[in-house]
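These notes concern the structure reproduced below.
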Amino acid sequence: MPAPAGTKRVRGVQIHRPFIYGTEATPFDPSNRPKDAPADHTHKWKVFVRGINNEDISYWLRKVQFKLHDTYANSVRMIETPPFEVEETGWGEFEIAIKFYFVPESTEKPQTIWHSLKLHPFGDDIEGKRERRERVDSICYEEVLFNEPVEQFYDILTGGGQGFKSKHAKSAKGIPRGLRTADIPERITKDNLFSREEESKELDRLGEAVKTVEKTVAEEKARLVHEEAKLAELEKTEGKPIHKKK
Ligand code: SLL
């Protein structure tokens, strides 16, 4: 029996799309507080989901729901159009649930990720950052994986099909063939910290860390062999230790 329209999957294909999400928070300047902010609020902050380098991701991401702490009025915020972000003020850090709703053609179920709102500086030079009232960024890179997407979604994802001949090609009208990809920029810029160069540096760092761990394990093994040999030697001369039962 043929699959109903819009549900036929492209077998053996996985398509991923990168995105970034996170929070940015800035402490109020005491001499210039936002007038409408409640007296106990100390920071303004923003939570967002966006494409790498601000690439448009609305062709696969239909809308985003941000679930804030219950202390916020209307704590569930549905953002129907880009930019997918919520700006707020507050006094405390908490975990934000970010729910992704994919475009209806995808037939994909929504997915949720969690992110901790960071208001206070972390990492190096915490005191300096606090004194300079620096913005606190907590930003992550992530990829969403569409496993065997339905044909019509595949067309949308790839901008008209790359090698895959589909009768649904019209669904991606106006987009040149193969324009939509998961490519990330070669180098970082002021506005985008995620690049292939950074990825390769991170891989180098991980490679170095693995080497260090392997070296430590080898040294510990050698030490163990040495200690066991010493013990065997002692047992030969002194006999085995007697463990008295109480
Ligand atoms: C904490 N577990 O104790 C956290 C809770 C709540 C944050 C943080 C403002 C809400 C309002 C706000 O910042 N809530 O509008 O009053 O740190």
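Following my numbering, the numbering of the sequence shown begins with 4 at its first residue and continues without gaps.
We put the CB at the ideal spot given by N, CA and C, even for glycine.
V147 is positioned such that its CB atom lies no closer than 8 Å to that of R65. Residue pairing of Q17 in beta bridges, as defined by DSSP: N150. Looking from the CA of P107, the closest CA among L160, V228, E205, H229 belongs to L160. Contact check between the region 37-49 and the region 125-137: fewer than three CB pairs, one atom from each, fall below 8 Å, which does not count as touching. Sequence-distant Cβ neighbours of F156 in its own chain, meaning closer than 6 Å and more than five residues away, are E108, S109.
Secondary-structure assignment with DSSP links I142 through a beta bridge to G25. It is roughly 13 Å from the alpha-carbon of E98 to the alpha-carbon of V79. Restricting attention to R226, T92, E211, the CA atom closest to the CA of K38 is found in T92.
With the rule of 3 Cβ pairs closer than 8 Å, the region 49-67 counts as touching the region 22-34. At the C-beta level, I18 and P188 stay beyond 8 Å of one another. Taking the CA atoms as reference points, H246 sits about 28 Å from A225. In the structure shown, L71 falls within a coil segment according to DSSP collapsed to helix, strand and coil. For E58, the distance from the CB to the nearest heavy atom of the ligand SLL is not below 7 Å. In this structure, G95 has its beta carbon less than 7 Å from a heavy atom of the ligand SLL. Taking E201 as the centre and dropping the five residues before and after it, the same chain places the C-beta of I191 closer than 7 Å to its C-beta, in chain order.
In this chain, T115 is not harboured by any alpha helix (DSSP H); it is covered by the beta strand (DSSP E) spanning 114-119.
Residue state for V106 is assigned as coil, using DSSP reduced to three classes. A distance criterion of 7 Å places the beta-carbon of P41 in contact range of the ligand SLL, judged by its closest non-hydrogen atom. At a cut-off of 7 Å, the beta-carbon of H123 does not count as near the ligand SLL: no heavy atom of the ligand is closer than that. Of the heavy atoms belonging to the ligand SLL, none sits nearer than 7 Å to the Cβ of T29. Taken atom to atom, the span from the alpha-carbon of D207 to that of E145 is near 20 Å. For the pair G210 and R183, the CB atoms are not nearer than the 8 Å cut-off. It is roughly 9 Å from the alpha-carbon of G95 to the alpha-carbon of H72. For the set H123, F149, G131, T115, the Cα lying nearest the Cα of V139 is the one of H123.
Take the alpha-carbon of D186 and the one of S119: they are about 27 Å apart.
The closest heavy atom of the ligand SLL lies less than 7 Å from the beta carbon of T74.
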